[in-house]
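Presented below is the structure to which this report refers.
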Amino acid sequence: MAKTLIIAPPPTPNGDLHVGHMAGPYLAGDIYARYLRLNGKAVNYATGTDDSQTYVVTSALKLGTTPEELCRQSSEDIHSSLKLWGVDLDGYAPFDDGYKKSVYEFLNPLFENGKLLKKTVRLPYSAHRGEYMVESFVAGECPVCLAHSRGGLCEGCGHPNNFDMLVRPTSTLPPYEPLEYREAEILVFPVEEYRSELEAYYAARKGQWRPHILQLMDELFSRELIDFPVTYPVSWGLPSHFPGTEGQVLNAWIEGMPASMYCNACGEATADADATWRSETGNALMYFLGFDNSYFWGVTHLALLMAHEGKYILPHTIVPNEFYELENSKFSTSRGHLIWARDLVSELPRDYARFYLCLTSPEHNRNNFSRAALKQILNERLITSWNLLVSAYKAQDWNARIDDNAENVDVIVETMSSRLHQCCRIETFSQSRLADWILNHITRLQELIAENNGLSLWAVNRQLSVLLDGMGLVMIDLSKSVAPAGTLDACSVLTLPELSLIGSDACSQSYAS
Numbered sequence: 129m130a131k132t133l134i135i136a137p138p139p140t141p142n143g144d145l146h147v148g149h150m151a152g153p154y155l156a157g158d159i160y161a162r163y164l165r166l167n168g169k170a171v172n173y174a175t176g177t178d179d180s181q182t183y184v185v186t187s188a189l190k191l192g193t194t195p196e197e198l199c200r201q202s203s204e205d206i207h208s209s210l211k212l213w214g215v216d217l218d219g220y221a222p223f224d225d226g227y228k229k230s231v232y233e234f235l236n237p238l239f240e241n242g243k244l245l246k247k248t249v250r251l252p253y254s255a256h257r258g259e260y261m262v263e264s265f266v267a268g269e270c271p272v273c274l275a276h277s278r279g280g281l282c283e284g285c286g287h288p289n290n291f292d293m294l295v296r297p298t299s300t301l302p303p304y305e306p307l308e309y310r311e312a313e314i315l316v317f318p319v320e321e322y323r324s325e326l327e328a329y330y331a332a333r334k335g336q337w338r339p340h341i342l343q344l345m346d347e348l349f350s351r352e353l354i355d356f357p358v359t360y361p362v363s364w365g366l367p368s369h370f371p372g373t374e375g376q377v378l379n380a381w382i383e384g385m386p387a388s389m390y391c392n393a394c395g396e397a398t399a400d401a402d403a404t405w406r407s408e409t410g411n412a413l414m415y416f417l418g419f420d421n422s423y424f425w426g427v428t429h430l431a432l433l434m435a436h437e438g439k440y441i442l443p444h445t446i447v448p449n450e451f452y453e454l455e456n457s458k459f460s461t462s463r464g465h466l467i468w469a470r471d472l473v474s475e476l477p478r479d480y481a482r483f484y485l486c487l488t489s490p491e492h493n494r495n496n497f498s499r500a501a502l503k504q505i506l507n508e509r510l511i512t513s514w515n516l517l518v519s520a521y522k523a524q525d526w527n528a529r530i531d532d533n534a535e536n537v538d539v540i541v542e543t544m545s546s547r548l549h550q551c552c553r554i555e556t557f558s559q560s561r562l563a564d565w566i567l568n569h570i571t572r573l574q575e576l577i578a579e580n581n582g583l584s585l586w587a588v589n590r591q592l593s594v595l596l597d598g599m600g601l602v603m604i605d606l607s608k609s610v611a612p613a614g615t616l617d618a619c620s621v622l623t624l625p626e627l628s629l630i631g632s633d634a635c636s637q638s639y640a641s
């Protein structure tokens, strides 16, 4: 049976996840995976950690620890935070020998078939340190939008800035000196050679994906696609064993595809790390990621899969999100301007946190997390409305309400289900619209039940069942408390729990009894 493989890019283990991370791909991927499982589909949702990123080194220096220890602790913390939020992963890959083997096995045939080339390039260099400074070790101005950027990619516009493209490169390590450019011979992947395949791939997806990522692709394809550095002459990363690159390491971003395959493999009992991604499986592949990852995952990684000449499936859909801000300012670990994901779900039920992040999800534009807005919106629009529905439901004498109105109820249930599917299917996926759908039907059903219209328990429960299916994708603990096992019985009075207002003494509990 073919499966849907869902990948949320492995986060860099230079700290725990904050709320901005959770509002991005991890919660979205979880909701989509739950939707597929609800509809009887086979799913493998996976992630891991990206231990080879140089950001681990710069963060470890600031924290006064070693990169190895920071990776170890952060990987545990990230996995724990995902569990605390109810993100139901099938695979969470360790950075172990199996991981490293999968990376080399993915790259070896590309090198052997001449698809990775040696090239002399210019890289930022610190005369003070006697070292090349790439990725997190260097900052400057993006050559495309002139925003402040680290090496490799601009978070602002999404364009790459490999080699000597950064304007006014400066070290991010003391003494933060201006850097020069020096030549180095490294291994590169010539992405431009895959232009025709890439353009054909995106031509088939025009108008089907979120517009920002497609706009970025148009911008990238309007000029020559720059070579991608496979190796770097730095010390942190997996050692390169390719001839002529002795002493160099693999660029962390080159690990993306084999790492993702290994993540999915950790959710399966498969002998080969790449088994679930092979074309003959018929599996479908979905990415949920931040927009700033679009170039790597949507161009470089895609071209690397294409370079294997049909061996692997290509992503069916990439679902990007924009930045999520905290009180109208970017989340910043260095400035302490953040809320750790685990802290938020220790302050209030995780269902509340999941719902608010869904409602305010930055799907097409930047959005904002505000504690005041969270309290007001959840108390007024979700919690109070739900409790009114529960009160109205409990107050009814269902024996006196016998009007099944079967034909009309069938239409209503079909309408509810259709809109729910539209919120959740991959082509139109929107957790924000899902949250709106939930709020609208809570209010509608509360008003319907409160009316003295004689509508039967069967007719009401059928609609409640659809509502609870949708709520269960987000509010996972509420779903369990209403229907602990099996399907809802349309002829039985349901036990619906009330929700505690944020700020009340009971709010730290899951639900009021």
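Residue numbering for the sequence shown follows the working numbering, starting at 129 and increasing by one per position. The C-beta atom is built at its ideal place from N, Cα and C for all residues, glycine as well.
Could you name the residues of the same chain whose beta carbon sits closer than 8 angstroms to that of residue i, not counting the 5 residues immediately before and after it, in chain order?
i    : result
A613 : For A613, the predicted model reports a pLDDT of 37, less than 50, meaning its position is unreliable and no value from the coordinates is stated.
R278 : E263, S264, V266, A267, T300
K229 : A401
R406 : K439, Y440, I441
T194 : A188
By the 10 Å Cβ neighbour count, where 16 or more other Cβ atoms means buried, how is residue i classified, buried or exposed?
i    : result
K131 : buried
L601 : buried
V79  : It is not possible to answer for residue 79, since the shown part of the chain is limited to 129 through 641.
V362 : buried
S460 : exposed
G580 : Just to set this straight, residue 580 is Asn in the shown sequence, not Gly. With fewer than 16 Cβ atoms within 10 Å of its Cβ, N580 is classed as exposed.
D355 : buried
D178 : buried
R470 : buried
V588 : buried
N493 : exposed
L191 : exposed
Can you find the residues in the same chain that come closer than 6 angstroms, C-beta to C-beta, to residue i, ignoring five residues on each side of it along the sequence?
i    : result
G113 : Absent from the structure is residue 113, since the part of the chain shown begins at 129 and ends at 641.
M544 : V594
I135 : S388, Y415
N172 : K131, L133, D218, N392, G395
F234 : P386
T623 : none
A412 : T132, H444
Y163 : C552, L601
P137 : L417, N421
Can you give me the Cβ contacts of residue i inside the same chain, cut-off strictly under 7 angstroms, excluding the 5 residues immediately before and after it?
i    : result
R250 : F291, D292, Y309, R310, E311
L472 : V147, A481
Contact check, residue i vs residue j under 8 angstroms by CB: the rounded distance?
i    : j    : result
P516 : Q574 : Sequence check: residue 516 is Leu here, not Pro. Between Q574 and L516 the Cβ distance is about 5 angstroms, and since that is below 8 angstroms, they are a contact.
R478 : D605 : 7 angstroms
T365 : S180 : Looking at the sequence shown, residue 365 is not Thr but Gly. At roughly 5 angstroms, the Cβ-Cβ gap stays under 8 angstroms, so G365 and S180 are in contact.
S202 : G143 : 6 angstroms
T565 : C619 : Thr is not the amino acid found at residue 565; the sequence shown has Trp there. That pair is no contact at about 26 angstroms.
L315 : T248 : That pair is no contact at about 11 angstroms.
V358 : A431 : Wrong, their Cβ atoms sit about 12 angstroms apart, outside the cutoff.
L210 : P141 : Not quite, the Cβ-Cβ distance comes to about 13 angstroms (not below 8 angstroms), so this is no contact.
For the ligand FMN, is there any heavy atom lying closer than 6 angstroms to the beta carbon of residue i?
i    : result
S558 : The ligand content of the structure shown is nil, which means the ligand FMN is not present either.
Inter-stretch contact (C-beta, 8 angstroms, three-pair minimum) for the region 393-405 and the region 286-298: They do not touch, by the three-pair rule.
Uninterrupted beta strand (DSSP E) stretches inside the region 473-561 (no shorter than 3 residues): Whole beta strand (DSSP E) segments, 3+ residues: 495-497.
Contact the region 377-395 vs the region 423-434: 3+ CB pairs below 8 angstroms: yes
Three-pair Cβ contact test at 8 angstroms for the region 243-258 versus the region 409-424: no
3-residue-minimum beta strand (DSSP E) runs that sit fully inside the region 226-299, ordered along the chain: 245-254, 266-269, 276-278, 295-299
Sequence ranges, alpha helix (DSSP H) only - wholly within the region 312-359, length at least 4: 323-331, 339-349
Unbroken stretches of the beta strand (DSSP E), 3 residues or longer, contained in the region 157-183: Here the runs fully enclosed are 171-175.
Stretch-stretch touch, CB-based, cutoff 8 angstroms, three pairs: the region 510-529 with the region 159-179: no
contact_flag[the region 493-511, the region 443-455] where n(CB pairs < 8 angstroms) is 3 or more: yes
Inter-stretch contact at 8 angstroms, needing at least 3 Cβ pairs: the region 218-226 / the region 250-261: no
Every unbroken alpha helix (DSSP H) within the region 568-614, with a cutoff of 4 residues, ordered by chain: Listed in chain order, the complete alpha helix (DSSP H) runs (minimum 4 residues) inside the region 568-614 are 585-602, 604-610.
Validate contact between the region 328-338 and the region 265-272 using beta carbons, cut 8 angstroms, 3 pairs: no
Alpha helix (DSSP H) runs wholly inside the region 349-426, at least 4 long, in chain order: List check, alpha helix (DSSP H) in window: 384-393.
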